[in-house]
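A.B. asks:
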Amino acid sequence: MQTPAPPREPLQTPRAAGVAGIVFALLLAAAMVLIRLGIPQGADAVSDQAVDPTRRSAVRAALALVPFAGICFLWFAGAVRAHVGEGEDRFLATVFLGSGLIFTAMMFGGAAAAAAVFDTAHPAGTSPSRPTWDFGQHLAYTLLIGYAMRMAAVFASSTSVIGHRLGIMPRWLTVLGLLVALVLLFVSPSVPWAELVFPAWSLLLSVHIVVVSFRRAAAAPAS
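Numbering-wise (our numbering), the sequence shown opens with residue 14 and increments by one.
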């Protein structure tokens with residue numbers, strides 16, 4: 014009679030999730046800042062003058078890092094979900110995973126739109142035409158701020174609720190995540206730079222995950 018194989022334990026990768034989250038938060042914050050500086054938003058944005066080559070190079074470098082930020086975010090979300098294991102709620106897990114995937118897609122789309130502003134064919138040393146600039150600028154900010162940040166709000170709120178239910182997230186971090194979700198939903202579309210609260214929250218959560226993982230590793234031999 015064949016002995017049944019013992020049930021596999023859920024994958025536990027809290028430290029990997031924390032490190033991936035830290036890298037994601039830093040890359041996303043850098044990309045957001047450089048896009049804001051390189052492609053100004055609003056009626057005061059100047060499009061009929063040559064774009065500073067240094068600023069253009071900085072924006073291109075930031076956009077080149079966006080795919081790596083997306084990869085780190087997916088690793089972060091996947092590792093956190095694996096760490097939750099069998100204790101996850103299917104409804105919240107679906108919202109958590111779906112919002113993360115849509116956020117990543119919107120982030121890639123916004124970065125592509127921002128890159129298109131600079132890649133449009135035009136005479137060397139000059140900026141794109143006014144209609145091209147306005148369309149690319151509006152599309153990039155609509156995807157990045159209007160849609161991606163709202164999906165980030167859903168991700169932050171679902172993560173906070175899951176962490177609170179399972180008791181793996183301190184109350185202050187849970188409350189902070191819900192406040193970040195409210196800011197991303199109602200404030201970020203109209204207040205410039207408000208979207209930076211998402212990478213800031215991701216950084217705090219990731220640092221917390223790493224610190225807790227090291228505490229558990231240090232306490233393991235004693236137990």
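The beta-carbon is built from N, C-alpha and C at its ideal position, and this holds for glycine as well. Treat the numbers as computed from the prediction; the structure is a model and nothing was measured.
Can you look up P144 in the DSSP assignment and give me helix, strand or coil?
C.D. replies: It is helical.
A.B. asks: Could you give the residue range of the alpha helix (DSSP H) that holds V220?
C.D. replies: Per DSSP, V220 belongs to the alpha helix (DSSP H) from 210 to 232.
A.B. asks: Per DSSP, what kind of secondary structure is T181 in: helix, strand or coil?
C.D. replies: Reading off the sequence shown, one finds Ile at residue 181, where the question assumed Thr. In the structure shown, I181 sits in coil (DSSP, three-state: anything other than H, G, I, E or B).
A.B. asks: On the CB-based measure, 16 or more other CB atoms within 10 Å of its CB, does F81 come out buried or exposed?
C.D. replies: F81 should be labelled exposed.
A.B. asks: For S112, report the span of its alpha helix (DSSP H) as first-last.
C.D. replies: Its alpha helix (DSSP H) spans residues 103 to 132.
A.B. asks: My output table needs one value for V206: the three-state DSSP class, helix, strand or coil.
C.D. replies: Note that residue 206 is Trp in the sequence shown here, rather than Val. Looking at W206 - three-state DSSP - the assignment turns out to be coil, as it is neither helix nor strand.
A.B. asks: Should A38 be labelled buried (16 or more other beta-carbon atoms within 10 Å of its own) or exposed?
C.D. replies: Label assigned to A38: buried.
A.B. asks: When DSSP labels each residue in this structure, what does I52 get in the three-state scheme?
C.D. replies: The answer is coil: DSSP assigns I52 none of H, G, I, E or B.
A.B. asks: Between the C-alpha atoms of V223 and V72, what's the straight-line distance to the nearest angstrom?
C.D. replies: Whole-angstrom Cα-Cα distance: 31 Å.
A.B. asks: H151: buried (16+ other C-beta within 10 angstroms of its C-beta) or exposed?
C.D. replies: The residue is exposed, with fewer than 16 neighbouring Cβ atoms inside 10 Å.
A.B. asks: Do A128 and L76 have their C-beta atoms within less than 8 Å of each other?
C.D. replies: For A128 and L76, yes; Cβs fall inside 8 Å.
A.B. asks: With DSSP as the reference, label V200 as helix, strand or coil.
C.D. replies: In this structure, V200 counts as coil in the three-state DSSP scheme.
A.B. asks: Exposed or buried, what is F227 when buried is set at 16 or more other beta-carbons lying within 10 Å of its beta-carbon?
C.D. replies: With fewer than 16 other Cβ atoms within 10 Å, it is exposed.
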